[in-house]
Amino acid sequence: MWPGCAPVRGTRGPPCPEIAGLWITSAALASLRHAVPVSIAVSTITDRIRRRVLLEGIDLGGDRARAADIAREEVRGYAEEALGSSLPLVHDEESTTREVLARVTGFGVLQPYLDDPEIEEIWINAPSRVFVARGGVPELTPTVVPEGDLRDLIERMLQSSGRRVDLSSPFVDASLPNGERLHVAVPEVTRRYPSVNIRKFTRRIRDLSHLVEREALTAQAAEFLQLAVLAGCNILVSGATHTGKTTMINALLSSVRSEERIVTVEETFELDLVARDVVALQCRQANLEGTGEITLRRLIKEALRMRPDWLVVGEVREAESLDLLIALNSGMPGMCSIHANSARDALIKLSTLPLLAGRNIDSAFVVPTVAGCIDLVVHLEMTASGARHVGEILAPTGVATGQVIEAATLFRRGRGQLESTGSPPPRIAKYEAHGFDPARILRRSL
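Here is the structure:
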């Protein structure tokens, strides 16, 4: 038996089974057993409120105070009724009211996790397999989402986005009202239950100084990156999943001059910019008739008609990378992110993706274009403990030898922190045009 674990009555297999490196403790099981009658009470009260809302035509979503009053009233009425019947008792009216309110106006049992600033991601594999991640470390929670409630929850989460998921379109990406990214896959693509992933984005990191405070990069590197943004450098942010690419782009864009206009293009809204002049665009899936789809390629072309001073593509994955390169090659400052294992791999991948655009595009055009367009690659990493940091900052020279883009390493991680190599950016014309001397910053620690 696992330490701190207890056998589960009525289940098969070893008690407290390890699941993908995770285990549920006896304390969590006790919480789960206690939650069963409470869940019945909450579900009963929630159903009563929904019937009342339909009969009285109340809009709970638009009146939070009214919703709270109704929830308290119904919980109190149920509690009194339960004392003289076989209904499950309500032991804490205040906490029950909060849970009921979360179900009728928020996202039910997931709402506490959405409200918790320490939780970065929530995912559901099955009704009793609800996970969260704190600091990059996954946890199996005692939360149970009955299958019917899960379907209802998915519908409510998608309601504000105007997107759908069904047999004809079994995958969906959407944004929740507070900016969290939602991904859902439903059977028969999944084996039995819908798969739900919710990615939260921390709002505590607003600029590069916040990343310095978290030791994700040094003050020297932050000062250089701020200079690069002010000089209008094209920046590619790379890294694996969960390394903080979106957070880095948000932080970099905080250095854009207030008079400059930013247009962002994403599959689903993730970037959360605090800027005076910003327009955010996202893709749209096709309707039931198979028409009306708006792709990233279309959005990039539309964005160029919106007088942008900065063009930002949340992430390039396919042929839209060609449209981005063409825009950057015309002198438009921009940023984007890409999944890659290193800064140099990011350049290789960005040189490959445009080939998906069609037969008329070949590497003889793409590789020199990438070499000439991209000024910096900021590569992010995540440690085994879940800490995220900048692992390398690379500056292409503008020269490509065959299929290889030459680049100089400006910062690399050594002795536990990001260190300057002392090399200046190979192309300093953009910096000098704004009166900047990057070498002054890069050689400071030598």
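Under this note's numbering, read the sequence shown as residues 700 to 1145, first letter to last.
The C-beta atom is built at its ideal place from N, Cα and C for all residues, glycine as well.
**Request:** Please work out which residues of its chain come closer than 7 Å, Cβ to Cβ, to residue 931, disregarding the five sequence neighbours upstream and downstream, and give them in chain order.
**Result:** As a first step, residue 931 is located in the sequence shown; it is residue number 232 there, counting from the start. For residue 931, where only same-chain residues beyond five positions count, the Cβ hits under 7 Å are 1032 and 1129.
**Message:** Please identify the residue among 951, 1028, 1047 and 1071 whose C-alpha is closest to the C-alpha of residue 1126.
**Reply:** By 1-based counting over the sequence shown, the position of residue 1126 is 427. Here the closest residue by C-alpha is 1071.
**Asked** According to DSSP, what are the bridge partners of residue 874?
**Response** Here residue 874 refers to the residue found at position 175 of the sequence shown. Paired residues: 880.
**Continuous alpha helix (DSSP H) stretch holding residue 947: start and end** = As a position in the sequence shown, residue 947 is number 248, starting the count at 1. 944-952 is the extent of the alpha helix (DSSP H) around residue 947.
**Item:** Inter-stretch contact (C-beta, 8 Å, three-pair minimum) for the segment 980-988 and the segment 912-931
**Value:** Short answer: they don't touch.
**Prompt:** Is residue 764 buried or exposed, if buried means 16 or more other CB atoms sit within 10 Å of its CB?
**Reply:** Within the sequence shown, residue 764 is the residue found at index 65, counting from 1. By the neighbour-count rule (16 or more Cβ atoms within 10 Å), residue 764 is not buried but exposed.
**Item:** DSSP-derived helix/strand/coil call for residue 824
**Value:** The sequence position of residue 824 within the sequence shown is 125, counting from 1. Three-state DSSP puts residue 824 in a strand.
**Request:** Would you list the one or two residues that DSSP bridges to residue 1176?
**Result:** This structure leaves residue 1176 out entirely; the chain is present only between 700 and 1145.
**Message:** With the cut-off set at 9 Å, would you say residue 912 and residue 898 are in Cβ contact?
**Reply:** For the purposes of this step, residue 912 is taken as residue 213 along the sequence shown, with counting starting at 1. For the purposes of this step, residue 898 is taken as residue 199 along the sequence shown, with counting starting at 1. Contact flag unset, no.
**Prompt:** Does the distance from the CB of residue 1089 to the CB of residue 1077 come in under 9 Å?
**Reply:** Position 390 of the sequence shown, counted from the start, is the residue given in the question as residue 1089. Position 378 of the sequence shown, counted from the start, is the residue given in the question as residue 1077. Contact flag set, yes.
**Prompt:** Taking buried to mean at least 16 other C-beta atoms within 10 Å of its own C-beta, is residue 1110 buried or exposed?
**Reply:** On the sequence shown, position 411 is the one that residue 1110 refers to. Its Cβ being crowded by 16 or more others within 10 Å, residue 1110 is buried.
**Buried versus exposed, by CB contacts within 10 Å (16 or more), residue 1074** = Here the question's residue 1074 lines up with position 375 in the sequence shown. Buried, by the Cβ-count rule.
**Message:** Between the alpha carbons of residue 1085 and residue 836, how many angstroms are there, rounded?
**Reply:** Translated into the one-based positions of the sequence shown, residue 1085 becomes position 386. Translated into the one-based positions of the sequence shown, residue 836 becomes position 137. When rounded, the distance between both Cα atoms is 6 Å.
**Request:** Along the beta strand (DSSP E) that carries residue 1081, what are the first and last residues, could you check?
**Result:** Residue 1081 sits at position 382 when you count from the first residue of the sequence shown. Residue 1081 -> beta strand (DSSP E) spans 1075-1081.
**Asked** Looking only at C-alpha atoms, which of 847, 1055 and 937 sits nearest to residue 1080?
**Response** As a working note, residue 1080 is residue 381 in the sequence shown. Closest by alpha carbon: 937.
**Request:** Compare the beta carbon distance of residue 885 and residue 844 with 9 Å and say whether it is the shorter of the two.
**Result:** Working through the sequence shown from its first residue, we reach residue 885 at position 186. Working through the sequence shown from its first residue, we reach residue 844 at position 145. No, these two residues do not count as a Cβ contact at 9 Å.
**Message:** If you follow the alpha helix (DSSP H) that residue 979 is in, where does it begin and where does it stop?
**Reply:** For the purposes of this step, residue 979 is taken as the residue at position 280 of the sequence shown. Run containing residue 979: none in the alpha helix (DSSP H); it sits in the beta strand (DSSP E), 977-981.
**Message:** Quick check on the DSSP output: the beta strand (DSSP E) that includes residue 955 runs from which residue to which?
**Reply:** Here the question's residue 955 lines up with position 256 in the sequence shown. No beta strand (DSSP E) holds residue 955; DSSP gives it neither H nor E.
**Asked** Nearest to residue 972 by alpha carbon, out of 777, 1009 and 1059?
**Response** Position 273 of the sequence shown, counted from the start, is the residue given in the question as residue 972. Of all alpha-carbon atoms in 777, 1009 and 1059, the one lying nearest the alpha-carbon of residue 972 is that of 1009.
**Request:** Go ahead and pull the three-state DSSP assignment for residue 1124.
**Result:** If you number the sequence shown from 1, residue 1124 lands on position 425. Coil, per DSSP.
**Item:** For residue 805 and residue 1053, the rounded distance between their alpha carbons
**Value:** As a first step, residue 1053 is located in the sequence shown; it is residue number 354 there, counting from the start. As a first step, residue 805 is located in the sequence shown; it is residue number 106 there, counting from the start. Spanning the two alpha carbons is a distance of roughly 41 Å.
**Asked** Using DSSP with H/G/I as helix, E/B as strand and the rest coil, what is residue 1135?
**Response** Residue numbering aside, residue 1135 sits at position 436 when the sequence shown is read from its first letter. Residue 1135: coil per DSSP, three-state reduction.
**Request:** Answer with buried or exposed for residue 1063, where buried requires no fewer than 16 other C-beta atoms within 10 angstroms of its C-beta.
**Result:** Working through the sequence shown from its first residue, we reach residue 1063 at position 364. Around the CB of residue 1063, fewer than 16 other CB atoms lie within 10 Å, so the residue is classed as exposed.
**Request:** To the nearest angstrom, report how far apart residue 1015 and residue 865 are at their CA atoms.
**Result:** Taking the first residue of the sequence shown as 1, we reach residue 1015 at position 316. Taking the first residue of the sequence shown as 1, we reach residue 865 at position 166. Going by the C-alpha atoms only, they are around 26 Å apart.
**Message:** By the DSSP assignment, the alpha helix (DSSP H) with residue 866 in it spans what residues?
**Reply:** Sequence index remark: in the sequence shown, residue 866 carries index 167 (1-based). No alpha helix (DSSP H) holds residue 866; DSSP gives it neither H nor E.
**Nearest-angstrom beta carbon gap, residue 773 and residue 747 [assumed within contact, 8 Å]** = Position 48 of the sequence shown, counted from the first residue, corresponds to residue 747. Position 74 of the sequence shown, counted from the first residue, corresponds to residue 773. The Cβ separation is near 6 Å, so the contact holds.
**Item:** Extent of the continuous alpha helix (DSSP H) to which residue 1069 belongs
**Value:** Here residue 1069 refers to the residue found at position 370 when the sequence shown is read from its first residue. Where residue 1069 is concerned, the enclosing alpha helix (DSSP H) stretches over 1062-1072.
**Message:** According to DSSP, residue 738 sits in a beta bridge with which residue or residues?
**Reply:** By one-based count along the sequence shown, residue 738 stands at place 39. Looking at the DSSP assignment, residue 738 forms no beta bridge with any residue, so it has no partner.
**Prompt:** To which residues of the same chain is residue 775 closer than 8 Å at the C-beta, ignoring the five residues directly before and after it?
**Reply:** Along the sequence shown, read from residue 1 onward, the residue named residue 775 stands at position 76. Excluding positions up to five away in sequence, the list reads 792.
**Request:** Starting from residue 837, follow its DSSP beta bridges and name the residues at the other end.
**Result:** Counting from one through the sequence shown, the residue named residue 837 turns up at place 138. In DSSP, residue 837 forms a bridge with 832.
**Prompt:** Excluding the five sequence neighbours on either side, which residues of its own chain have a C-beta within less than 8 Å of the C-beta of residue 811, listed in chain order?
**Reply:** Numbered from its first residue, the sequence shown carries residue 811 at position 112. Answer for residue 811: 801, listed in chain order.
**Prompt:** Does the beta-carbon distance from residue 823 to residue 893 come in below 9 Å?
**Reply:** Locating residue 823 in the sequence shown gives position 124, counting from the first residue. Locating residue 893 in the sequence shown gives position 194, counting from the first residue. Cβ atoms of residue 823 and residue 893: closer than 9 Å.
**Item:** residue 861 versus residue 985: straight-line alpha-carbon distance, rounded
**Value:** Against the sequence shown, residue 861 aligns to sequence position 162. Against the sequence shown, residue 985 aligns to sequence position 286. Whole-angstrom Cα-Cα distance: 11 Å.
**Request:** Can you have a look at residue 719 and say buried or exposed, based on whether 16 or more other CB atoms are within 10 angstroms of its CB?
**Result:** Locating residue 719 in the sequence shown gives position 20, counting from the first residue. Because the pLDDT of residue 719 is 39, which lies under 50, any placement of that residue in the model is unreliable, and the number read from its coordinates should be weighed accordingly. So residue 719 counts as exposed.
**Item:** Rounded straight-line distance, which links the Cα of residue 870 to that of residue 738
**Value:** One-based indexing of the sequence shown puts residue 738 at position 39. One-based indexing of the sequence shown puts residue 870 at position 171. Cα to Cα, residue 738 sits roughly 29 Å from residue 870.
**Request:** Just grab the DSSP bridge partners of residue 1033 for me.
**Result:** Residue mapping note: residue 1033 aligns to position 334 of the sequence shown, counting from 1. Per DSSP, 1010.
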